[in-house]
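Asker:
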Amino acid sequence: MVDDLRLPLNQTDAAIHLAPMTEFITDLSRLIVQLFAVWLIGVAGLCLLRPGLALKALEAMGSTPFIHFGEHALRALVGLALIGVADATTWPQAFFWAGVFIVGSSALIAIAPRRWHHAYAKFWARHLPPWSLQAMAPFTVVAGGALAWAVS
Numbered sequence: 000m001v002d003d004l005r006l007p008l009n010q011t012d013a014a015i016h017l018a019p020m021t022e023f024i025t026d027l028s029r030l031i032v033q034l035f036a037v038w039l040i041g042v043a044g045l046c047l048l049r050p051g052l053a054l055k056a057l058e059a060m061g062s063t064p065f066i067h068f069g070e071h072a073l074r075a076l077v078g079l080a081l082i083g084v085a086d087a088t089t090w091p092q093a094f095f096w097a098g099v100f101i102v103g104s105s106a107l108i109a110i111a112p113r114r115w116h117h118a119y120a121k122f123w124a125r126h127l128p129p130w131s132l133q134a135m136a137p138f139t140v141v142a143g144g145a146l147a148w149a150v151s
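Just so you know, we're using numbering that gives the first Met the number 0 here: the sequence shown kicks off at 0 and counts up by one.
If you want it as structure tokens, here you go:
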């Protein structure tokens with residue numbers, strides 16, 4: 000009974016004890032990235048079919064503390080998931096550094112004044128023509144599909 004409670008004495012013991020947790024984190028990260036890929040495809044569908052509504056949603060970014068911090072918390076979660084799944088992909092360095100960039104940029108935007116974030120979102124919502132969202136939608140679908148494939 001006492002042997003079950005002992006701390007790992009060397010790296011091999013530590014690896015044996017941590018392997019299930021590492022596998023769980025990788026699987027959870029994979030699930031989060033796959034959900035994000037589905038979300039990207041859904042946003043692409045919105046941009047293609049209802050570009051005006053997509054622009055209204057863009058204009059709302061940063062408009063309230065809940066939206067501002069919620070957006071960046073979810074972005075950071077996806078960034079952490081990219082880092083967590085990186086070693087299980089064909090391109091671990093790309094996934095790792097993309098995750099680091101997303102987490103870092105989310106943190107910076109989250110601590111910047113919210114009015115800057117909202118003003119930036121409003122600027123693009125007012126200057127992007129609806130057809131541009133429709134033109135970008137197929138590329139977003141491909142990106143979402145490629146991301147889901149890369150982590151599966």
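We put the CB at the ideal spot given by N, CA and C, even for glycine.
Identify which residue in 49, 46 and 103 has its Cα closest to the Cα of residue 72.
Answerer: Taking the sequence shown and counting its residues from 1, one reaches residue 72 at position 73. Closest by alpha carbon: 103.
Asker: If we call anything under 8 Å between Cβ atoms a contact, is residue 32 one with residue 141?
Answerer: By 1-based counting over the sequence shown, the position of residue 32 is 33. By 1-based counting over the sequence shown, the position of residue 141 is 142. No, the Cβ-Cβ distance between residue 32 and residue 141 is not below 8 Å.
Asker: Give the straight-line distance between the Cα atoms of residue 129 and residue 43, rounded to the nearest whole angstrom.
Answerer: To locate residue 129, count along the sequence shown from 1; it is residue 130. To locate residue 43, count along the sequence shown from 1; it is residue 44. Cα-Cα distance, rounded: 13 Å.
Asker: For my contact list, residue 209 and residue 66 are in at a C-beta cut-off of 8 Å; report their separation, rounded to the angstrom.
Answerer: Any answer about residue 209 is impossible in this case: the structure gives the chain only from 0 up to 151.
Asker: Label residue 68 either buried or exposed according to how many other C-beta atoms from any shown protein chain fall within 10 Å of its C-beta, with 16 as the threshold for buried.
Answerer: The count along the sequence shown starts at 1 and reaches residue 68 at position 69. With fewer than 16 other CB atoms across the displayed protein chains lying within 10 angstroms of its CB, residue 68 is exposed.
Asker: To the nearest angstrom, how far is the alpha carbon of residue 78 from that of residue 106?
Answerer: For the purposes of this step, residue 78 is identified with residue 79 of the sequence shown, where counting begins at 1. For the purposes of this step, residue 106 is identified with residue 107 of the sequence shown, where counting begins at 1. Roughly 11 Å between the two C-alpha positions.
Asker: Helix or strand or just coil, what does DSSP make of residue 127?
Answerer: Your numbering for residue 127 matches position 128 in the sequence shown. It is coil, neither helix nor strand.
Asker: Compute the Euclidean distance between the alpha carbons of residue 51 and residue 39, then round it to the nearest angstrom.
Answerer: Residue mapping note: residue 51 aligns to position 52 of the sequence shown, counting from 1. Residue mapping note: residue 39 aligns to position 40 of the sequence shown, counting from 1. If you take the alpha carbons of residue 51 and residue 39, they lie about 17 Å apart.
Asker: Residue 27: which of 82, 47 and 64 sits nearest, CA to CA?
Answerer: For the purposes of this step, residue 27 is taken as residue 28 along the sequence shown, with counting starting at 1. Residue 82 holds the alpha-carbon nearest to the alpha-carbon of residue 27 among 82, 47 and 64.
Asker: Suppose you measure from the CA of residue 123 to the CA of residue 57; what does that come to, to the nearest Å?
Answerer: Residue numbering aside, residue 123 sits at position 124 when the sequence shown is read from its first letter. Residue numbering aside, residue 57 sits at position 58 when the sequence shown is read from its first letter. In this structure, the straight-line span from the alpha carbon of residue 123 to that of residue 57 is close to 8 Å.
Asker: Could you pull the start and end residues of the alpha helix (DSSP H) that residue 62 belongs to?
Answerer: One-based indexing of the sequence shown puts residue 62 at position 63. DSSP places residue 62 in no alpha helix (DSSP H); its state is neither H nor E.
Asker: Classify residue 132 as buried or exposed, calling it buried when 16 or more other Cβ atoms lie within 10 Å of its own Cβ.
Answerer: Translated into positions along the sequence shown, residue 132 becomes position 133. Buried, because 16 or more other Cβ atoms sit within 10 Å of the Cβ of residue 132.
Asker: Who are the Cβ neighbours of residue 1 in its own chain at under 6 Å, not counting the five residues just before and after it?
Answerer: As a working note, residue 1 is residue 2 in the sequence shown. Interpretation of residue 1 is limited by its pLDDT of 48, a score under 50 that renders its predicted location unreliable; no figure is taken from the coordinates.
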